[in-house]
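One rule links them: number in this note's numbering = place in the sequence shown (from 1) + 52.
From the three backbone atoms N, C-alpha and C, an ideal C-beta is built for every residue, glycine too.
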Amino acid sequence: MVSACSNTAATAKEDDTVKVLYVGTLDDGTVFDSSELHGGDPLQFVIGTGQYLPDFEQAVIGMSVNETKDVHISSDDAYGPYYDDMVVTVNWSSFQEGFVPEIGEQVQMQNSQGDVYDAIVLNTSDEGVTIDFNNPLAGMDLNFEITLVEIISAK
């Protein structure tokens, strides 16, 4: 049975469903994500399911409702390092006729096995389109300010 906690002394634990407000920033202060950017509604998730970055989920454990915590996640524990070999030039014949990519545009590419990958267009030339398959946050340390707004107990 799932029920909302009314005891403000309760703390979040593994397998609890929680709602948090958050702001994600890079070390230079640039905001890359936040609850506000998604309509201002709290993010709801079950702690420990791996739906979000493990360190983000683990940071909520032990928090009380209305508590705010600052968390630093190294690039290795976030989206990993930036790999230069994940930047490739794809021949124009791999794209639908008439495709005109914009630099900075996110595109989806499908490999021969049918797997779909997100990529960012970096450049275009006569040879093709240079795209980056790295996560946009690869190689970057991340900072989060997390406020726990609700705990929905797992038991």
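Item                                                                                           : Value
Cβ contact check for the segment 104-113 and the segment 134-151: 3 or more pairs under 8 Å    : no
Identified DSSP bridge partners for Leu174                                                     : Note: Leu174 sits in no beta bridge, so no partner.
Option nearest Ile125 by Cα separation, candidates Val72, Gly100, Leu105, Val140               : Leu105
Cβ neighbour criterion (16 or more within 10 Å) applied to Gly76                               : buried
Stretch pair the segment 184-202 + the segment 63-82: three plus CB contacts closer than 8 Å   : yes
Test: His124 CB closer than 7 Å to a CB of chain B                                             : Absent from the structure is chain B; it holds one protein chain and no more.
Cβ pair Glu157, Val181 closer than 7 Å                                                         : no
Expected contact under 8 Å - CB spacing of Pro94 and Ser87 to nearest Å                        : 6 Å
Boundaries (first-last residue) of the beta strand (DSSP E) holding Asp184                     : 180-184
Coil, strand or helix - Gln148 by DSSP                                                         : coil
Close beta carbons around Glu119, own chain, < 6 Å, minus the five adjacent residues each side : Leu200
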